Amino acid sequence: MASLYPMLDYRDIFQLYNNSNNNAENLKIFSPEILTNFYKTFGSEGTKYITDNPENIFLISKDTSRGQELIQLANEKGDIIFPLTRKHGIAFAKHYDRDVLNIVIKFQEDGLLAIKEYGDKAKMLFSLFIDEETFYHVIKTYGHKQTIPIIYLFYDNKDFNSQMSNYLKTTNAYNWLSSWWYGTDTATINTQDAESASYNNARRAVNLIFELGNDFIDRFEIVDINNVKEEAVTTITNKLRNFFISDVEKVSRKRIRQEDITFQDKLFAGLDILGFVPIGSGISKGAQLAAKGAQSARTVKGFKGLANLTDDLVKAYGDDIIKFVANHGDDGIKAVQATDGRILKLSQQYGDDVVRYVSRYGADAEKTIEKYGDDVLSLARQFGDDVIKYTTLYGDDGIRIIQKHGKDIVLLSSIYGDNVIKLSITHGDDIIKYVSRYGASGGRVIEKYGDDVIGLAKRYGDDVIKYVGMYGDDGLKLAGKGKAGLFIMRFMSPTVFAKCVKFIKYGLIATIFLTIATHPIAFLSGLINALAWLFGTSPVIIAIILGLVAAFFIIRFLRKFKWVFTPFLICFRILKRFV
Numbered sequence: 031m032a033s034l035y036p037m038l039d040y041r042d043i044f045q046l047y048n049n050s051n052n053n054a055e056n057l058k059i060f061s062p063e064i065l066t067n068f069y070k071t072f073g074s075e076g077t078k079y080i081t082d083n084p085e086n087i088f089l090i091s092k093d094t095s096r097g098q099e100l101i102q103l104a105n106e107k108g109d110i111i112f113p114l115t116r117k118h119g120i121a122f123a124k125h126y127d128r129d130v131l132n133i134v135i136k137f138q139e140d141g142l143l144a145i146k147e148y149g150d151k152a153k154m155l156f157s158l159f160i161d162e163e164t165f166y167h168v169i170k171t172y173g174h175k176q177t178i179p180i181i182y183l184f185y186d187n188k189d190f191n192s193q194m195s196n197y198l199k200t201t202n203a204y205n206w207l208s209s210w211w212y213g214t215d216t217a218t219i220n221t222q223d224a225e226s227a228s229y230n231n232a233r234r235a236v237n238l239i240f241e242l243g244n245d246f247i248d249r250f251e252i253v254d255i256n257n258v259k260e261e262a263v264t265t266i267t268n269k270l271r272n273f274f275i276s277d278v279e280k281v282s283r284k285r286i287r288q289e290d291i292t293f294q295d296k297l298f299a300g301l302d303i304l305g306f307v308p309i310g311s312g313i314s315k316g317a318q319l320a321a322k323g324a325q326s327a328r329t330v331k332g333f334k335g336l337a338n339l340t341d342d343l344v345k346a347y348g349d350d351i352i353k354f355v356a357n358h359g360d361d362g363i364k365a366v367q368a369t370d371g372r373i374l375k376l377s378q379q380y381g382d383d384v385v386r387y388v389s390r391y392g393a394d395a396e397k398t399i400e401k402y403g404d405d406v407l408s409l410a411r412q413f414g415d416d417v418i419k420y421t422t423l424y425g426d427d428g429i430r431i432i433q434k435h436g437k438d439i440v441l442l443s444s445i446y447g448d449n450v451i452k453l454s455i456t457h458g459d460d461i462i463k464y465v466s467r468y469g470a471s472g473g474r475v476i477e478k479y480g481d482d483v484i485g486l487a488k489r490y491g492d493d494v495i496k497y498v499g500m501y502g503d504d505g506l507k508l509a510g511k512g513k514a515g516l517f518i519m520r521f522m523s524p525t526v527f528a529k530c531v532k533f534i535k536y537g538l539i540a541t542i543f544l545t546i547a548t549h550p551i552a553f554l555s556g557l558i559n560a561l562a563w564l565f566g567t568s569p570v571i572i573a574i575i576l577g578l579v580a581a582f583f584i585i586r587f588l589r590k591f592k593w594v595f596t597p598f599l600i601c602f603r604i605l606k607r608f609v
C-alpha cells in the first residue's frame, strides 16, 4: 500500500482500500503502476470489482468504454455480470435478470442460445409461456432457431387475427374451427386489446407448431427474427382445414421424450450453463429451497453460497437462511455458523454490513457490534472494515482513538500494522506524526524505546526517530548528546564516529587519514553527505562530481608516471611472443 505513494494521493489510497468487501491481499498481486492507472481510470467503483476477483481486471481494462459499461451493468445487476460476460459475451449479460435465470434453468441451452441470438424478443416470448408445457415441448422438439422467429411473427402481426377470422367465415366448419382456434363457442373477434391479441396470436402459433410440426414450420422462410417470410394466410388455413377434415388419427405428431430429470438437476445445469457454479460444486438435496434463493441472488458469491447450502442449515435456521445466503454467499454461511444463527437477527437490526464484519473477523466481531452498536458501525462505514477489527482488539481505547483521529489512524494501521493504534493508546497522539513521516521504522523505534525516544524527539527534533531507526542503541546514545549528535549522524554512523574519536589524540589531520585508512567507505559516504548538505543538492550529484574529479587526477597521474608501468608492458610483450 505504501508503494502507491506518491503516484496516488494518500486520500485516494485510503479510498482505494476502503471499499466494502475489499480484500487487500488481492490488490497486492498488482504492481503499483497497474493499480494506480486502473484506479485513475475507473475509480473506486471499478476497483471494488477486482478486489474480490482480480481476474476481472482483464475484462474491465481491455477497453475503457467497454470497461465503464461493464461497471455500470455490475452496479445495476451485481457482479454476476463478469462471469456472464466472460462466458457468453456482454450482449447476453445486458439481458440477464431473474427472468433469464428462470428461462435457462427450465430450458437449459435452448433458452440460453435463444436469448443470445434473439435478445429481448426471445426473452419476452419465453417469459410469456414459461409455465406452458406445450411451449416447452415445441422448443425442445424443434429448437429455438425454427420456432422463436415464427412465434414472434404471429405475436407481432396485429392483423393476423382478422385475416384468419375472415377466412374461417367462408368455411362450413366455422363454428367448430373457431371454437378450437379461439377456445370459445362464439369467437370474440377484434374485441381484445393489443396486448391480449398479440399473446393469443403467439399462443396459436405454438399450438399450430405442436399440432402440425414440420408441415407448418416448412411454410416459412426464416432469415432472422425480424425477417420471416410466410405464405398467404389462405394457404395456411387451407392446410388447417384439410388437417381437421382428413383422418386425424393418421397425422403423426411429434412428441418429446419424457425426461426423467429432477428439479435439482435442472437447477444445477442452469446455473452451470450461466457460469455461476464453481468447478466441483453440486446442488444440495435442498435444491428446491435453494431455488427460492436463486431468484434473489445478484452476485457470484450468492450463487456459490447456494451451491454450498446444506439441508442441516436449512433445518436448523429455517427458510430465512436461503435468501440470506443468496444475498451474502459463503460469508453468510460463515456468519451463521460463527454466531449460531444470531446474525440473522443482527443483520435485520443493523444492516447487511454486519454479515461481512462477522464473516471476516469472527464471533468476536458480533460481540463488538452488540456492545457498541451504531457508534462502531458508523465509524466502519466511514473509515473501513478494519474499524471493527481494531475495536475488537483494543475495546474502548480503540474506538476512542479512531473517533479522535478518524481515517488517518485507520490508514496508518492498515499500512504499517495493528500496533500503530496500540502505540497511540500507550504513547499519545504524536505517534501519528512519527509513523506518517518515517513509516514502519518509526513504529518499530517507538515500540522498542518508548517514551525515551519520544522525549528526545520532542526536545531535539523529529530526526531523532529517523537516526535511532537507522542506528539502534548507538543512535539513541548519540541522540542523547543533543543537536551535535544529530549533526554527526547526518554524515556517519555512531559506530564509525565512536572509533574515529579515538584518533583525535593524534591531531585533526592524522585523524582524517586514519579514518580514511580504516573506514574508507564510511569516510567517503560521510563526505558526500556533508557536501550534499552544504550545497543543498542530492548526494548522487555530489558522488558523480567526485567520481569525475577522481578520474581526471588518475588520468593525469598515469600520463606523468607512465614509466612506472614500462617493466610490466615489456614482460607482457615477451610473454605474448612465446604464446
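Throughout the sequence shown, residue numbering follows the working numbering, covering 31 to 609 in sequence. Cβ coordinates follow ideal geometry from the N, Cα and C atoms, glycine included. Nothing here was measured: the structure is a model prediction, and the numbers come from that model.
Let me confirm a value: residue i is counted as buried when at least 16 other C-beta atoms fall within 10 Å, else exposed. Which label applies?
{"i": "residue 270", "result": "A caution first: residue 270 carries a pLDDT of 46, below 50, which makes its placement in the model unreliable, though a value can still be read off. So residue 270 ends up on the buried side."}
{"i": "residue 225", "result": "exposed"}
{"i": "residue 597", "result": "exposed"}
{"i": "residue 246", "result": "buried"}
{"i": "residue 589", "result": "exposed"}
{"i": "residue 564", "result": "exposed"}
{"i": "residue 414", "result": "buried"}
{"i": "residue 253", "result": "exposed"}
{"i": "residue 396", "result": "buried"}
{"i": "residue 566", "result": "exposed"}
{"i": "residue 581", "result": "exposed"}
{"i": "residue 444", "result": "buried"}
{"i": "residue 231", "result": "buried"}
{"i": "residue 480", "result": "exposed"}
{"i": "residue 240", "result": "buried"}
{"i": "residue 577", "result": "exposed"}
Apart from the five residues just before and just after residue i, which ones in its own chain have a Cβ nearer than 8 Å to its Cβ?
{"i": "residue 173", "result": "140"}
{"i": "residue 20", "result": "Residue 20 is absent from the model: the chain starts at 31 and stops at 609."}
{"i": "residue 412", "result": "436, 437"}
{"i": "residue 363", "result": "335, 338, 339, 343, 355"}
{"i": "residue 499", "result": "468, 471, 472, 474, 475, 505"}
{"i": "residue 346", "result": "371"}
{"i": "residue 407", "result": "380, 381, 383, 384, 399"}
{"i": "residue 403", "result": "380"}
Output needed for residue i: all residues of its chain with C-beta closer than 7 Å, excluding positions within five of it in sequence on either side, in chain order.
{"i": "residue 229", "result": "158"}
{"i": "residue 360", "result": "331, 334, 335, 338"}
{"i": "residue 462", "result": "435, 438, 439, 442, 454"}
{"i": "residue 423", "result": "448"}
{"i": "residue 103", "result": "111, 123, 124"}
{"i": "residue 392", "result": "368"}
{"i": "residue 490", "result": "509, 512, 513, 516"}
{"i": "residue 486", "result": "494, 509, 510"}
{"i": "residue 214", "result": "Model confidence at residue 214 stands at a pLDDT of 46, short of 50, so the residue's coordinates are unreliable and nothing is read from them."}
Residues bridged to residue i by DSSP?
{"i": "residue 259", "result": "251"}
So, under 8 Å CB-CB, residue i and residue j are touching, yes? Tell me the CB distance rounded to an integer number of Å.
{"i": "residue 81", "j": "residue 56", "result": "5 Å"}
{"i": "residue 387", "j": "residue 410", "result": "7 Å"}
{"i": "residue 365", "j": "residue 389", "result": "5 Å"}
{"i": "residue 460", "j": "residue 429", "result": "No, residue 460 and residue 429 are not in contact; Cβ-Cβ is about 20 Å, not under 8 Å."}
{"i": "residue 236", "j": "residue 164", "result": "6 Å"}
{"i": "residue 399", "j": "residue 384", "result": "6 Å"}
{"i": "residue 69", "j": "residue 101", "result": "About 13 Å separates the two Cβ atoms, so there is no contact after all."}
{"i": "residue 97", "j": "residue 72", "result": "6 Å"}
{"i": "residue 76", "j": "residue 90", "result": "6 Å"}
Looking only at its own chain, which residues have a Cβ that is under 6 Å from the Cβ of residue i, when we skip the five neighbours before and after it?
{"i": "residue 259", "result": "251"}
{"i": "residue 255", "result": "148, 151, 179, 182"}
{"i": "residue 464", "result": "472, 495"}
{"i": "residue 420", "result": "428, 451"}
{"i": "residue 470", "result": "446"}
{"i": "residue 278", "result": "For residue 278, the predicted structure reports a pLDDT of 36, less than 50, and the residue's modelled location is therefore unreliable. A value from the coordinates is still provided. Here the set comprises nothing."}
{"i": "residue 376", "result": "384"}
* **Segment contact flag, the segment 101 to 111 with the segment 132 to 141, C-beta cutoff 8 Å, min 3 pairs** => A contact between stretches requires three or more CB pairs, one per stretch, nearer than 8 Å, and the segment 101 to 111 fails this requirement with the segment 132 to 141.
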